[in-house]
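Peer 1:
Residue numbers (the numbering used here): 9 to 214.
1. Once DSSP output is grouped into helix, strand and coil, what is the label at residue 74?
2. From the DSSP output, in three-state form, read off residue 13 for me.
3. Taking the DSSP output, what are the residues bridged to residue 38?
4. Determine the extent of the alpha helix (DSSP H) in which residue 102 is found, giving its start and end residues.
5. Taking the continuous beta strand (DSSP E) assigned at residue 212, which residues delimit it?
6. Within a Cβ cutoff of 6 Å, which residues of the same chain sit near residue 1, ignoring the five residues on either side of it in sequence?
7. When you compare the CB positions of residue 9 and residue 54, do they come within less than 7 Å of one another, or not?
8. Would you call the stretch 9–28 and the stretch 72–81 touching, i.e. three or more CB-CB distances under 8 Å?
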């Protein structure tokens, strides 16, 4: 298998953590994409993912899978080990719900703030910006941080008592928030403690 990505970018980070959680990193060849020079907008890359995003998983039979959640679901099913998606119907539903909330309320909100309300990746890549929309999404991200602080006051992890894809997505969102200079308010102690705990996991720390 091959994964086309940019190391340390938020969505590639999600997939790399998932691979490490399943002890499957050695089964993948990582192919770097020169996103800063526009490789993701070339015809060759768009043939792999018409939405021009990373990461993209290429299977041995030539199938291309994009979207971090879809790639993680493939990894979770293809490799042994504790499930990142949940085992029972209830676990899977709750984890799916919380993963989506982590994505929309934090990760995607931070991304929109970064690409619209800051210089982002520079004028050659940020060809359209709406500063007001970006600032509004920055506010949404702050509300998301508060929401997940409340969630983590009640459970060890985002989707319950087991580490899951929901935790991976929220962690990547917080990494992106730090890069975009969106600070976690000091009073959100449950979120801060959770972030420190996740950062110590072997799949993340490595």
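Virtual Cβ for every residue (Gly too), placed ideally from N, Cα, C.
Please read all numbers here as calculations on a predicted model, not as lab measurements.
Peer 2: According to the structure shown:
1. Along the chain shown, read from residue 1 onward, the residue named residue 74 stands at position 66. The DSSP-derived three-state label of residue 74 is strand.
2. Here residue 13 refers to the residue found at position 5 of the chain shown. When DSSP states are grouped into helix, strand and coil, residue 13 belongs to the strand group.
3. Residue 38 sits at position 30 when you count from the first residue of the chain shown. DSSP lists 11 as partners of residue 38.
4. Stepping through the chain shown from its first residue, residue 102 is reached at position 94. Where residue 102 is concerned, the enclosing alpha helix (DSSP H) starts and stops at 97–110.
5. Your numbering for residue 212 matches position 204 in the chain shown. Where residue 212 is concerned, there is no enclosing beta strand (DSSP E), although the alpha helix (DSSP H) it sits in stretches over 210–213.
6. Residue 1 is absent from the structure shown; the chain starts at 9 and stops at 214.
7. Taking the chain shown and counting its residues from 1, the one referred to as residue 9 is at position 1. Taking the chain shown and counting its residues from 1, the one referred to as residue 54 is at position 46. No; because the gap between Cβ atoms is not below 7 Å, this pair is not in contact.
8. The stretch 9–28, when compared against the stretch 72–81, does touch it at the 8 Å Cβ threshold.
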